[in-house]
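In my numbering, the protein residues as written are 28 to 225.
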């Protein structure tokens, strides 16, 4: 982990988004960037609920990740997240002990976050601009859920076209089985869609 990572504000789109939605002074921005913690992951590296990072609001600055869970021995792909974007994860499922939640990085990836426990333990860090970071991550998540609800109302071919348009590089990074799981179709159906026979 590199806590001394320096990055210009222009490289952090969520700061631009915060400025659009709420006041953020230069001092606020400086304090926000100083509060960020940075972590790099290699392609294929996976974290689970045992890793404290999974409980944080995580921004993917570069790279990509897939979030999935295992229920009764079967893997379900919950989401894919490509930089620059806050990591999409099933917040409600993380607290359920019977479900195993994982984030796997689909390529070399760098993330940043603000330790949630620092807000409780350090009054100097628990400042308004950090709550703005959290608010922006929640807004990001709400936007994704809205898109997802619309996508789930589509038929199988339309769902496939939606995900390929949204994530053009996805098939370079995941298997057909993983994509079928996300789209809630069988592999056979997905092969038929891709071959134009559906």
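Don't be surprised by glycine CBs; every beta carbon is placed ideally from N, CA and C. Computed from a prediction, not measured in an experiment: that's the story for all the values here.
From the options, pick the residue whose C-alpha is nearest to that of residue i; which is it?
| i | options | result |
| --- | --- | --- |
| residue 69 | 138, 107, 222 and 58 | 138 |
| residue 98 | 133, 43, 141 and 208 | 208 |
| residue 64 | 90, 203 and 157 | 157 |
| residue 183 | 215, 201 and 198 | 215 |
| residue 42 | 112, 83 and 170 | 112 |
| residue 56 | 72, 39, 67 and 91 | 39 |
| residue 130 | 224, 222, 194 and 94 | 94 |
| residue 76 | 222, 50 and 116 | 116 |
| residue 170 | 114, 60 and 79 | 114 |
| residue 108 | 195, 53 and 159 | 195 |
| residue 79 | 180, 66 and 71 | 66 |
| residue 167 | 89, 102 and 110 | 110 |
| residue 223 | 128, 188, 81 and 198 | 188 |
Is any beta-carbon of chain B found at less than 9 Å from that of residue i?
| i | result |
| --- | --- |
| residue 201 | In the structure shown, chain B cannot be found, because there is only a single protein chain. |
Please classify residue i: does DSSP put it in a helix, a strand, or coil?
| i | result |
| --- | --- |
| residue 127 | strand |
| residue 177 | helix |
| residue 66 | strand |
| residue 55 | helix |
| residue 204 | helix |
| residue 46 | helix |
| residue 166 | helix |
| residue 39 | coil |
Drop a sphere of 10 angstroms on the beta-carbon of residue i, count the other beta-carbons inside from all chains shown, and report buried for 16 or more, exposed for fewer.
| i | result |
| --- | --- |
| residue 212 | buried |
| residue 163 | buried |
| residue 45 | buried |
| residue 62 | buried |
| residue 149 | Summary for residue 149: the model assigns pLDDT 49, below 50, so the residue's position carries little reliability, and this model does not support an answer. |
| residue 83 | buried |
| residue 87 | buried |
| residue 180 | exposed |
| residue 217 | buried |
| residue 136 | buried |
Going by the DSSP bridge assignment, what does residue i pair with across the sheet?
| i | result |
| --- | --- |
| residue 95 | 104 and 129 |
| residue 89 | 137 |
| residue 227 | The structure shown does not extend to residue 227, since the chain is modelled only from 28 to 225, so the question has no answer here. |
| residue 209 | In the DSSP output, where bridge partners are listed per residue, residue 209 has none listed. |
| residue 113 | 86 |
Is the separation between the beta-carbon of residue i and that of residue j shorter than 9 Å?
| i | j | result |
| --- | --- | --- |
| residue 106 | residue 134 | no |
| residue 193 | residue 173 | no |
| residue 141 | residue 160 | yes |
| residue 5 | residue 204 | With the chain covering only 28 through 225, there is no way to say anything about residue 5. |
| residue 220 | residue 104 | no |
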